[in-house]
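Before any comments, here is the structure.
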Amino acid sequence: MKKVENQLIIIDGGENTEKIGLLQKIRNNKMILITAEGEMVCRNLEHIKTIQLP
């Protein structure tokens, strides 16, 4: 996961706009994602099924 920091990613197929964005940081089994709207979203890595790079 550290390899894709600072890249655009799609989480779990991108069903929700909060699951598409720039992966800013990974720390303590959590990720910080910046969405297209500029919103910071924190996600637990254990709840993520798939990650895609566009």
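Residue numbers (my numbering): 405 to 458.
The beta carbon of each residue, even a glycine, is placed where N, CA and C say it ideally should be.
Remember, predicted model here, so these are calculated numbers, not experimental data.
Chain-order list of residues whose beta-carbon lies under 7 Å from that of residue i (same chain, five-residue window excluded)
i    : result
K406 : I430
Whether residue i touches residue j by CB criterion (9 Å)
i    : j    : result
L427 : L449 : no
For residue i, the residue or residues it bridges with in DSSP
i    : result
L412 : L426
I455 : I415
Contact set for residue i: own chain, Cβ-Cβ below 8 Å, skip 5 residues either direction
i    : result
M444 : Q428, I436, L437 and I438
T421 : T439, A440 and E441
E409 : L427, Q428, K429 and I430
Beta strand (DSSP E) runs wholly inside the region 415-449, at least 3 long, in chain order:
Correct list: 424-431, 434-438 and 444-448.
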